[in-house]
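Input: a single structure, listed below in structure tokens.
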């Protein structure tokens with residue numbers, strides 16, 4: 065039985081429709097199990113339901129259970145990027161990474177574009193079109209199910225979208241997506257009110273804060289939100305998150321060659337971590353900068369040796385640090401590169417194969 069699904073979601077709408085139609089309550093159970101256990105996408109294929117009811121559901125909600133349509137796919141080594149489109153024409157991108165050990169991580173989007181204007185990010189150059197609904201967030205997961213972990217690191221600032229919290233309730237609910245909170249990560253550039261709410265409502269969900277510089281003035285050059293919610297305030301929330309949930313938390317550090325990669329930068333970052341209430345629960349994830357459409361032109365990718373030296377300096381200072389493994393740079397699918405073709409001239413949705421942004425060749429783009 066599925067009493068009281070979150071208001072405004074497709075599940076709540078289905079429950080209301082079935083009740084008005086005089087159907088028994090177990091019909092919702094049959095429908096949800098078909099979608100989540102068997103991967104059924106179309107109402108017509110939910111054979112547990114009477115044919116008459118399947119037709120009525122399709123007439124009321126459209127042929128598919130979810131609100132998004134996958135319109136193009138790009139595949140590369142260990143990565144798959146899908147371009148989704150809503151019925152209103154809004155576009156987002158979702159990335160599935162498959163690690164050599166065999167486990168998968170799904171990078172989901174939470175907004176169409178982003179309004180925070182981070183200068184290193186292609187999504188920020190798009191600007192905010194709108195928030196995704198909880199159904200649209202969860203539909204990305206349903207498309208790829210099963211996955212081993214989920215990261216809110218795609219397009220948008222997840223914690224600035226109130227629907228993210230409804231989506232988290234569905235994703236971690238054993239009646240719906242059944243994902244352990246410990247296998248969900250929410251990344252933020254420092255939207256402090258959302259960080260506080262996450263700590264209160266989902267203390268066991270992993271939280272990642274983008275730092276990118278321990279110097280608050282330099283950080284503001286990369287993350288304008290710094291001037292509204294300073295790094296010091298965000299770190300206080302992270303302190304509370306580690307204490308409340310007893311969980312390791314992450315600091316993401318985007319390393320740009322010649323910009324924030326000096327030994328002095330490493331020392332400042334190490335001092336920042338050492339000053340935390342539970343420094344042993346903080347882990348620095350160093351991310352090599354990826355060239356991105358619409359990003360500031362003076363940023364450049366560091367050398368592999370430079371990344372290793374920066375990580376080694378943090379470790380020498382007693383800080384837990386690793387280089388983040390990245391996939392999909394050639395597909396514009398790596399950190400900071402997602403723009404769902406909003407920044408691509410003459411882009412067409414659902415093309416087969418050809419030359420993409422910057423003259424690169426698109427790999428295995430197929431209509432779906």
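In our numbering, the protein residues as written are 65 to 432. C-beta atoms are modelled at their ideal positions from N, C-alpha and C, and glycine is treated no differently. The structure displayed is predicted, hence computed values, not measured ones.
Assumed close pair residue i, residue j - CB separation to whole angstroms, cut-off 8 Å
{"i": "residue 241", "j": "residue 100", "result": "7 Å"}
{"i": "residue 341", "j": "residue 307", "result": "6 Å"}
{"i": "residue 359", "j": "residue 183", "result": "6 Å"}
{"i": "residue 160", "j": "residue 205", "result": "That pair is no contact at about 10 Å."}
{"i": "residue 196", "j": "residue 177", "result": "Contact flag wrong, Cβ pair sits at about 11 Å."}
{"i": "residue 293", "j": "residue 254", "result": "5 Å"}
{"i": "residue 189", "j": "residue 407", "result": "6 Å"}
For residue i, the first and last residue of its enclosing beta strand (DSSP E)
{"i": "residue 77", "result": "Here residue 77 belongs to no beta strand (DSSP E); instead the alpha helix (DSSP H) covers 74-84."}
{"i": "residue 106", "result": "Premise fails: residue 106 is in no beta strand (DSSP E) and is neither H nor E."}
{"i": "residue 331", "result": "Not the beta strand (DSSP E): residue 331 falls in the alpha helix (DSSP H), residues 327-338."}
{"i": "residue 113", "result": "Careful: residue 113 lies outside any beta strand (DSSP E) and carries neither H nor E."}
Strand pairing of residue i, partner residues [DSSP]
{"i": "residue 144", "result": "139, 160"}
{"i": "residue 178", "result": "191"}
{"i": "residue 384", "result": "347"}
{"i": "residue 270", "result": "249"}
Proximity below 7 Å, CB of residue i to CB of residue j
{"i": "residue 222", "j": "residue 174", "result": "yes"}
{"i": "residue 237", "j": "residue 130", "result": "no"}
{"i": "residue 146", "j": "residue 218", "result": "no"}
{"i": "residue 288", "j": "residue 181", "result": "yes"}
{"i": "residue 108", "j": "residue 116", "result": "no"}
{"i": "residue 366", "j": "residue 319", "result": "yes"}
{"i": "residue 110", "j": "residue 132", "result": "no"}
{"i": "residue 298", "j": "residue 339", "result": "no"}
{"i": "residue 333", "j": "residue 278", "result": "yes"}
Buried versus exposed, by CB contacts within 10 Å (16 or more), residue i
{"i": "residue 303", "result": "buried"}
{"i": "residue 258", "result": "buried"}
{"i": "residue 90", "result": "exposed"}
{"i": "residue 327", "result": "exposed"}
{"i": "residue 325", "result": "buried"}
{"i": "residue 103", "result": "exposed"}
{"i": "residue 226", "result": "exposed"}
{"i": "residue 148", "result": "buried"}
{"i": "residue 155", "result": "buried"}
{"i": "residue 291", "result": "exposed"}
{"i": "residue 420", "result": "Because residue 420 sits at a pLDDT of 30, beneath the cut-off of 50, its placement in the model cannot be relied upon, and the following sentence gives the value as read from the coordinates. Flag for residue 420 reads buried."}
{"i": "residue 410", "result": "Its pLDDT being 40, under 50, residue 410 is placed unreliably by the model, and nothing is read from it."}
{"i": "residue 152", "result": "exposed"}
For residue i, the first and last residue of its enclosing alpha helix (DSSP H)
{"i": "residue 231", "result": "227-235"}
{"i": "residue 263", "result": "256-265"}
{"i": "residue 201", "result": "198-208"}
{"i": "residue 241", "result": "First-last for residue 241: undefined, no H or E at that position."}
{"i": "residue 171", "result": "Segment 168-171 is the beta strand (DSSP E) holding residue 171; no alpha helix (DSSP H) there."}
{"i": "residue 308", "result": "295-309"}
Near the ligand NAD: residue i beta-carbon under 6 Å from a heavy atom
{"i": "residue 127", "result": "Among the components modelled here there is no ligand, and therefore nothing to report on the ligand NAD."}
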